[in-house]
Structures are given as C-alpha cells and as structure tokens.
C-alpha cells in the first residue's frame, strides 16, 4: 500500500498545476462583461444554433474499436508481469487470445470499417 | 481438447469468419451452407459422447448427458433457423453475410451456458449469447420496429445481467466460491440455510426468468417478438429458451438442491402468473407474432409448473415438453416467414383468413400445429401437457393443476379461433402463393411429426429419463 | 473491515442504477449510464467480498465483469445510434410504437 | 483510519451517481459518471485490488465514458426539460426503491457472515511471496481461468462484429474521391487536349 | 261379441288412417259407417243376451303389476256398461252417416271419420272399463280426440285456440280425477271398481291425515271425483271450454258435446254412486253446483246469437239437471235423463248442422229467418227436438226431466227444495231460448242476403235420415223406457251396480206427489211459450229499446257472466306472468349472464386489460421488474 504514496503526491501536484492554470485567470482577472461580449461572435449575425457541430458516424465506430483493443491491452499487463511463472500454457493462451482478436481486426479491415475517407 | 463441441465450433466459426471476408458474390447463401455444415459436424461430436461424464477446464464446465441432450436440441433449432434463412427469400436488410455468423456465435454461447458448472462461466456464456441476440434483434436497420425492439431487448437484457451479477456476488460472498459443486457442498454442510444465500438465488432466478420471459418479467417479449425480423423471432423463441431452461434446471437442482421447498414456492408464483398472462393477453391480439409471444409465455408457465416439484420425472417431462414446443414454434414461424402479400411480409391474423381455399396443404399442417399447441389429444402438445399435469398432481399441487387447466382452455380458444379464420372465413385478399417447395415440405414434416408422436411416445420418455438420471447423479 | 459497509454501498448503488432506468424520462443515454452504475455496484460487491475472504477469484470475476460491461456498452451505443438515425430522438417516450 | 476514507469516498460515489441520473444536461451526467468511476477506483485501491483500480480508470474512465461523450456529442442531445409526468411517477418510484433497499438491509444485518474456510485462492500465502496484485492475477488468469479468458476474447470479437454490422454506415457505396489517389497522379497519365 | 263391439271403432279408425291415400274419401266414410253399424248391431245383440247370462268381467291381459298394485285390461259386462255402449254406438253410427253428407266437400274427410271412430272407441273403453286406470285412459283418450276434432279446421286460429282451451280445462278436471284415483289407491289399496264397492262401507269412517288436517277420506275422494267430472261435463266452474268448442264441425259437437263426452262425468258419478252416497257433504256439493250450472247456462243461452252456442248452453243446463239428480241420489233417473238427453240434443245439433249447411255456413241466427217453408223436414225435426228439450208432456224430455224435478221436490231436505225452484226457473229459461231459436231461424222474415237465400236447399237424404231416426227416439224413448229406470221391479236389477233408494220407485212418486206441483212445470212451459211469442214475434221492434235500457243486465248475461274475463284476469294472467318472469328474469338474466356469454365477456375484458398493460414504454417494463423482484424477496423473507 505504501509504494503508492509517491503516485498520490504526483497526482495531487498535477491536479493543482492544471487547476491553477485553468482557474487562476478567473480568480485574478478583472471581469467586466456585458451581453454582446458574452454572445458568440458570428460576423455580427445572430447564431443559428449552438456551437456544437455534428460528429460523423465513422468517428463513433473508431471509438468502439478503441474500447475493444484497449481491453486487449489491459489483459496484456498481468500476462507480461506474470510471464515467467505461467509457463508455456499461459503463453499459448495469450497467443490464441491475440490470434482471435487479430482475426477480428482483419475482418474489420476487410469490411472497410477503418478507411477514413 | 479439440473434440469438445464448443471448442470445435469456435474454431470453425473463426475459419468461416475469415472465409466470409473473401467471398464476394451472394455471400449469405454460401455462408449459410458453410455454417449448416459446421452445425452438423458439431452435432456429430455432441452425439458421439452423449453418455460421457467429465468435468473439464478446471471444473468450470461439465460434459454430461443432460448438457449434451440440450446442446443437440439447440443445434437442431439453429440448423432449422439457418435452413429457413437459406430457403426463404427474406428482405434486403437481412442478407448480410454476418447474419449466420452471429447465429453461430450465439449457439456457442448457448452450448457453453448449458454445460457451465460455475457462476462465472455461466455469466460469461450468457453474456456471449445475449450480446449476439441483441445484435440479431436490431439487425435490419431500415425497419424502425427492429431498432426499437433492439433497444428494449438490450435494456432489459443488460438489466437482467446486472441482477444476475448482484445475485452471484451475494452468493460468492457467503459461499466463498462461485463453483456449483462448492456451493452444493456448502449447502449440505449448513444446517439452516442463510437467508442472504436464498436472496442471492432469488436474484439469479429473477434474471433467468427475465431471459425466458416468465410472467411478471415478461413485459418485453410481445414487443420484441413483434418488432424483430421474423427469422430472428423464430430463433429467439426456440433456442435461447431451451438453453436458459437448461441453466435454470442445472442451477436449481445441482447447487441449490437442498432448498427445493423454498424455490418451489417461488416457481409456483412465476408459473401461475405466466400461465394467466400468457393465455389472457392473447385474447385480443391481431398480430400473429405478438400472439405467438403470448403463447410462448403460456408454454413457459406450463414448463415452470413441471419444475416446481423438482423431481426427476418432472424434469423428464420438461425435456419432452421442450422438444415438442420447439417443433410447434418452428413450424408456425416457418409459415409466418412465408406469409407475404405482393412481396411484403405480412403478419396480421386477418391475412390468415381463407387460407384453406388458396393452399389447403399449408392450412392443414398449420391447423395441426395450432391444435397441438392447444393440446388437443392425439397430438404431441397434448402428451407433453398430460405428462406435466401428471407430475403436478402426483405432488398434489391441485390448485396449480386447476389453474393450468383453466388457462389451457382459454389459450385453446385463441388457437382454435385462428384455425376457424383459416378454414371458415372468406379470404379478404389473397396471400402470395407459396412458391418454394422446400418450406412446404418442411411444414408438412413438422405437422406430421406432431401427429406421429402418439404412435411411439416411449422413445422420448426413455431418452429423457436417462438424461435426467445423469443430472441427478451429479449431486 | 466487516462486510456491512460495502454491502450498503453496493446495494445503494444498485438501487440508484435501478431508479435511474425507471425514473428518468429524459433519454436512453441515462439508461445506459445507470446500467454501468449497476455493473459497478456488482464490481464493488465482488471486490469487497474478495478482500473480506482474502480470496482472489472475486477480483478476477470483477475483471471479467468489466470486460463484458465494456463490450455491452459498445453494442448498446451502436443500437442507440441506429435508433437515433431512424427516429432522430432518443427520448424514452418516443419508443412506444410496439405496444398492445 | 481507512474506514473514514472508505465512508468519504462511498458518500462521494453515492452522491455523484444520484447526480448522474438526475441531471438534465447529458454532458453533466457523463462527467458525474466519470467522477463516480474515479472514486470507485480509489475505493478499489483501499480494498487492495490495485490492478482493478487501474483497469477501471483506463477502461471505464478512459474508454467508455469517452464513448458516452462521443455519443452525446454525435447525437446532439439538447437540454431536456423535466417532463411533467416525471413528478407524478417520481414519488412512486422512490417508495418502491425504498422498499427494495429496506428489504436488502433487513436481510443483511439479519445474518452474521460465516467466513468459509475453503477459499480457492488464498491470498495470504501468495502475499508472503511478496508478489504484486497484478502478478497474482496474472498467475491465475491465464492458467486456471483459461477458458473464461478465451470466451471473453470471443465476446470482444462479437462486440467488434456487432459494432461493424450495426454502426457501419453504408455510405461506402457513395462515390467519394480519396485524397491519396489524387496526390499519386503522375504527369504523363493526364491526357492533353491540344 | 261385446268385446268386438267395443274394438270395432278402433278398427275403423285404423282402416281410415291406413287406406287414406288408397281409397277416395267417400268410399272410406261409407265403409266406416258400415263398420259402426256392425258395432251397433253387435252391442244390441249383446244387450239382448245380457238378460240371459247376467253380468261378468272379461279379462283381456295383465297391464301393470308391481308389488301390491296390479291393473289389468278388462271389460266390465253389466247392465250399465252394456246399455251405455249401445247408446254410444247407436248415436255414433247416426253421426257417422250424417257426417258423410256434411263433410263431403272437406279435403280431409277420411281423417275426420278416423277421428270419430277413435273417439267412439275411447268412449266405449271408458264406459266399459273395470278398473279406474283403464277408465282414466279412456277419459284422457276422449279428451285428446275432442282436442283433435275441435281443432280439426286448424287453418282457423279460433279453432286452434278453442281446442287448446278445451284440452287445458279438461286437464284441470283430469287433475282432480287423478288425485281421486291416487287417494282411492292409498285408502282402498286397489283400483278395481267391484272391489272398491265391496270395501266402501268398511272404510266409511276412515280419516285421511293431510298436513295435520283430518279429512273424511270418502268425502275427499268423492269431491275430487266431482272436480274431475266438472271438468269433463263442463259444470259451472270449468264450463268455459264448451261454448268455444263449437268451433269444430257440427257432427263433432253433436257427438262429443251433446251425447257422449260431456255425459262421461255423470256416468262416472253414477258408476261410483255407492261411494258418493256415503258422504252427504259431496252429494250436497254436487246438488248445489248442478243447480247453479243449470240456472247459469239457461240464463246465458237466452242472449246468445250463435245457433250452436245456444244449444251448447242448453246441454250445459241439462247436465246441471243430471248432476242435481245425482246430488239428490236418484242415480237411475240421472242415467235415464242422460240417455234421453243424448237423443234429443244430438237431434238438435244435427238439425242446427243442416240449417248451417243449407245457409252455406252462416251460424248467426240474427241473419237467418223464414226457413220454415224452405227446409220443412229440418224445421219439423228441430221442433220435435225443442219440444222434447223443453219437456212438453209425452216427449222423452218430459219423462226424464219431470221425474228429476219430482224427486227433488220429494226429498225432504231444504236444499233439494231450493234445487226444485232453480229447476223450474231453468225450465222457463229453456222454453224461452229454444223458442227464440225456432222463431229467429224459421219464422221471422229472412235477414240473409239474396245470394245466400238463393241457394238454400234441403239437405240430402243421408243427412236427414239420422234426423228422422233421432226424432222418433226423441218422441217414443221416454214413454217406453220410463218404467225400466224407475219401475219397482227393475230397481232391484239396478241395485247390484249402482246405489238405488228402493223405497223411491215409480208408484211411490205417483201417490204422494201433490197434483199442483206435478203440473207446475207444464204451466211454466205454456206461459214461457206465450212470453216468447210476444217478445220475439209480434213486438220484436221493442226489443232494441228494452235492450239498451237494461243494457247492464243484457251485457252481463251476454258476456257469459264475465266468467271468461275473470278467468283471463286471474289464472291466465298469473300463468303468463310466471312464465315470462321465469323466462326473462331467471333464465335470460341470471343463468345466461352467469353462464356462457357473461363469462366470455368477462374473460375478454380481462384480456383487454392485460394487453393494455403492454404500454410500450420501457420504464413500465422496468417497473414490473422492480415490483416482481421486491415481491419475491418480501414473499420469501416474510411468508415462506
């Protein structure tokens, strides 16, 4: 439990730094705001709808595939750590797991889910 | 290792997945036949060691005749569904190559479920199967109903998974391990059953009854059956029901065998509710698929009733009931698949009227199926209902038997109303003539099967008796 | 640490998840999120018990729960996008065409 | 001492999860969800399941919450006002959940927990060998839990196929010029019209 | 021989029915008349031989024998039954002959003749039966054939209603008779008439305990018997069916409603006379009812316009006389009047039939008239019949009726003297209405339109021959057979069969009947003739004036003392009300709604509710899951 103390300190320091950079200007800066200043600037026109644009579907597909391969990596961690003890059987099991997922990857590629055009 | 059906099938699945990428022209027919081939081979492996008993994979799974019997039944259902997929000209959104892929992977999930011996392996295989089914239900993207059914099925399915997990966590907390043999050993040690354990069991029971749509948790079934494409409904109403019943029986009989009296009471409530709602709900329906949903709920109630006493011949009766239930459902859904009017799939009951004049053979077989579902004597349905009622009365649950009879009378009403509309009503406008002969042949096979069971029922009785023997031997 | 407190936490979280699905009329995303919450409560439960029992299988179970939850979330959101494409609104009230 | 941490973080989890389901703006609820996951990761640390804490942070916070944000952004979910039916159902739901929780609590304190002896993987001896939690998990994951590991692999494969089947928009058929080909055009291939 | 004479009518019935389609109507009716005449001659021969070998019982076969109760088919061959069989056969043959002519235009004449034969057979069976059950069989058979014959012209609605009415009212009477038979069996243990007569005086003081009330059993039996007879012989309480029964063809009325069926009631009482003698209460009751019917029918007959209704009411009043004789326990006189009445009443009916026949089915006397020179023979026979009916001396009616009046006078009880007075009044009314009939039909100027008058013709010989025969009997029967019934030597013959007051014979009456009272009926008849001559013939234009001044009285009598309306108000209304009540409220509302359509509506409404539960909203489904979960857990923790 104790070897995580440095990580804790590191986390706190990082949090403070980013928090400070972001909000320091608000605390310190002089605020004089009026309606026009706050409204979004669209060359003088009234904004049609809010600023958020629509994402493409294929971005979404990439996000899902990211999750799946992210999980694949997660499984690699303990495998790597315990590699020496689990012997050939552990190694083969990981290889089969990776083989299954690469087939999935190949399938996906062939189906054209990844091409970005 | 390779001869284990599930392993063989998954490897086959991977091979077919690769092939599907390279096949270009009319993919789904080629892939359909490939997956049919794979199913036959796996069936061969399953039947090869049907009487073998072995605990594999570090006691996560067990191969016994009860599991193998259910696996072969599931494979038969899947085989028929894929065969329907090939012979019936289904609409454009379904003929993607992945359709039979996903059915294959859901079969693997079901086979794993049926033979799992541990809550963890059970959870993982249930997840595998239900994920595949979520995809199948919302498969046809153009049809609005399908996506709506998909959403509903997904939400309810994941909800049942959460309940399952919460229940198994409680059991794990008390017993210390999730393995069935450990749990049953723990149960036999305990002189008084800890309350928390039974609450955990209730959670698991609720999640499983959500999957088989027993009564208070049946709400999703009519919508999903109506919304999803007919082929998926056919698959949904047969294979997963068999698999989940296999799991239910194994969970209740093996690990929690000692407290039969407690979960018996819970099952009584579930079966009464589902029989009532199954029969009453269908009275005012006008959509055939929705009517089939309510009839499934009714049948599920009947099967649950057989499980209440938890005795050996109870489970034999359930196995027989499952076999006949599948033949009836597959037959009716084959007809629904072919119900087209100028190329458009149609599922209203009034389109059924006057079928006798256009296609007498089909009308005859369909009438046979509906009568068998209603439980009219010479047919298979009657035998199964009779067996279950015998068991219920042997364990003098008279109140249950009375409700069963009343509900089957009510359900008989809406089945026979269908037959009436087929034979006696004048046809509003014609259905397209059934061109492909295979589906006609298949429908008559289903009809005749239901008719011919009466001549040699002993075969099924012996088969299922030996199967349940192995299940109880485990304990 | 006696099991009482993480059991409370997990059951509270479970009920909040259940409530989330039932109560909100807003949109499907909240339902998916409350499902994630319920899975999280199961995870907490498992890890709590494994810590209490000094047994590792609880943690491995929760690892697999995590994997499955991720896969489920992926599929769920895919179904959600199709539903949105068809009815361009994902409010819970809009999915009532199938009824009766 | 850790009890106070535990109570503090569990309180945070509960409050943020309630905020998840009751906030109007979808983005806010996703942020609260991330906050819940983060707190539960810390809780797992307290229950000395370090590897899982890390996976929660990476998988849930990193991927799934991001996915939710994606969807929220993509589907352009606007501010949704409180529906009028909401208030009518809210108390009813609350009562139900209150009953549900009281049921569970009644069951919980009803029982003193019999600590079973036959534990499969006894952490204490393993702990003696000074191996870290990840190493321990790694030891058992790929040997004893081999089949479950493979099935989860298939689940991921299935998720992949499902995502492709469902989410792949079939604009592929649309004719669209790919920028790479344009760049590769060589001078001599272009036809001169003079 | 006697046996054959009873069963020949049955053969004639079977003959008519079987050969209906082969032979023509005329041949069949002629053959049936032949058969009937054979039957009459046979019964005449057997009557003649009766004096030689005395009465005996012919046993045919055993009908029912269960435990102590045994009944067998048997024919009783004694003076009473023999003479009755002869009379019935004779009259029936005459009517057969008459109806050959009367029904020659009717398409279904063969069935008509068959029914007549069947009726005669049942009457003979009734008359000659040895035990009460066979008597009851004949009794019912007669009722049935009367229904068939009254409703013979079934295309007429009124005929059907009249038939039903006759049958129902008779059934009410039969109800009384049946109860009497049951009580007899309970008390005496047997139904055989001879045994009953033997056991009568040994049971004379036995009492019948009914719901705590002690009733003298013999009185109970005789009262019940009398109710049976009231129904059949149309006495005051149950007489409403007789005038309506005139819907049937005239020969039917002649045979059934004059000679045979209506007299069955009187015959039964005569047969059971020793039984009735024991209870004086019953004979008093019979006397009162007889006199009441007599005066009632006579008074109503005066105001009727339909020729057959007038004669029907006169039958009713003559039956009243017979019951008065039975009440005064002069059974042989009642029997004497029964037979003589049969002759002249059949004569009157057949005469009326030929008048209707000639006037082409016109029955209302108001539009007849002036027929005395057109159909002289019918006129003559009608005159003879009426005179005999009124009781002009030396006609058969005089002998039988005046004897009854004298016995009533000589009985010392005040009831019989009261009955004597009503009898005299009835004689006056009888003279009034019969002369009114004669004058209206024959002597007044003709009211009918020319077409009808044009083809009035005397009925053919086949119809007038029975009239002549009957008129001969109407005149001479009284004179010759007077002494057989009242003569001292024959009283001993009667006494074996029926109760006879030996001291009360012919010369006893002759000595102590005061001359004035003996001649009183004759005086009344004469002044009756004068009155009717004055009212109906000379001052007939005053009639409408009198009529509307005495409108209430006139209507009272014209509408048969409003008895029909009373019955309609009470019994008929009650029956309909009960019927409708049971049908509507009990059957339709209660049973149907509870039963099929109620239940199916209930189930399908529940079906609607269950399918409505599928609201399609996701959160409703999740709600059901939560409820299910909490339900199961709480059920398990608290209840199991």
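Protein chains in written order, with our numbering: chain F, -4 to 112; chain L, 3 to 477; chain R, 277 to 376; chain H, 314 to 507; chain C, 18 to 657. C-beta atoms are modelled at their ideal positions from N, C-alpha and C, and glycine is treated no differently.
Contact set for residue i: own chain, Cβ-Cβ below 7 Å, skip 5 residues either direction
i	result
residue 466 (chain H)	none
residue 454 (chain H)	462
residue 534 (chain C)	426
residue 654 (chain C)	none
Per-residue burial, residue i [other beta carbons within 10 Å of its own, 16 or more giving buried]
i	result
residue 501 (chain H)	exposed
residue 287 (chain L)	buried
residue 609 (chain C)	exposed
residue 411 (chain L)	exposed
residue 246 (chain C)	buried
residue 572 (chain C)	exposed
residue 277 (chain R)	Low local confidence applies: a pLDDT of 49 at residue 277 (chain R) is under 50, so the model's placement there is unreliable, and no value is given.
residue 335 (chain R)	buried
residue 101 (chain F)	exposed
residue 104 (chain F)	exposed
residue 197 (chain C)	buried
residue 600 (chain C)	exposed
residue 506 (chain H)	exposed
residue 193 (chain C)	buried
Close-in-space but distant-in-sequence residues of the same chain around residue i (CB under 8 Å, 5 per side omitted)
i	result
residue 58 (chain L)	6, 64 and 65
residue 329 (chain L)	382, 448, 451 and 452
residue 24 (chain F)	none
Residues near residue i by beta carbon distance below 6 Å, same chain, minus five either side
i	result
residue 308 (chain C)	341, 436 and 439
residue 280 (chain L)	296, 299, 300 and 303
Extent of the continuous alpha helix (DSSP H) run through residue i
i	result
residue 208 (chain L)	197 to 214
residue 659 (chain C)	With chain C running from 18 to 657 in the structure shown, residue 659 (chain C) is simply not present.
residue 387 (chain L)	382 to 396
residue 446 (chain H)	446 to 454
residue 617 (chain C)	613 to 630
residue 123 (chain L)	121 to 139
residue 438 (chain L)	From DSSP, residue 438 (chain L) is part of no alpha helix (DSSP H); its letter is neither H nor E.
Residue range of the beta strand (DSSP E) that includes residue i
i	result
residue 231 (chain C)	230 to 233
residue 89 (chain C)	86 to 94
residue 82 (chain C)	73 to 83
Any chain D beta carbon closer than 9 Å to residue i
i	result
residue 351 (chain H)	Looking for chain D here will not work: the only protein chains present are F, L, R, H and C.
task = Can you check the segment 17 to 83 of chain L for any alpha helix (DSSP H) of at least 4 residues that lies completely inside it and give the ranges in chain order?
result = Segments of the alpha helix (DSSP H) lying fully in the segment 17 to 83 of chain L: 29 to 50.
key: Meets three-Cβ-pair contact criterion under 8 Å: the segment 79 to 95 of chain C and the segment 135 to 154 of chain C   = yes
inquiry  = As an exercise, report each continuous alpha helix (DSSP H) stretch of at least 4 residues that is fully enclosed by the segment 248 to 286 of chain C, in chain order.
reply    = 258 to 261 and 267 to 271
ask   = Do the segment 352 to 370 of chain C and the segment 391 to 407 of chain C meet, that is, are 3 or more Cβ pairs less than 8 Å apart?
value = yes
message = Would you call the segment 295 to 303 of chain R in contact with the segment 348 to 356 of chain L, where contact means no fewer than 3 C-beta pairs closer than 8 Å?
response = no
task = List in chain order: all unbroken alpha helix (DSSP H) runs of 4+ residues lying wholly within the segment 141 to 204 of chain L.
result = 146 to 177 and 182 to 191
Meets three-Cβ-pair contact criterion under 8 Å: the segment 322 to 340 of chain L and the segment 82 to 100 of chain L = yes
message = Does the structure place the segment 264 to 274 of chain C close enough to the segment 164 to 182 of chain C that three or more beta carbon pairs sit under 8 Å?
response = They touch, by the three-pair rule.
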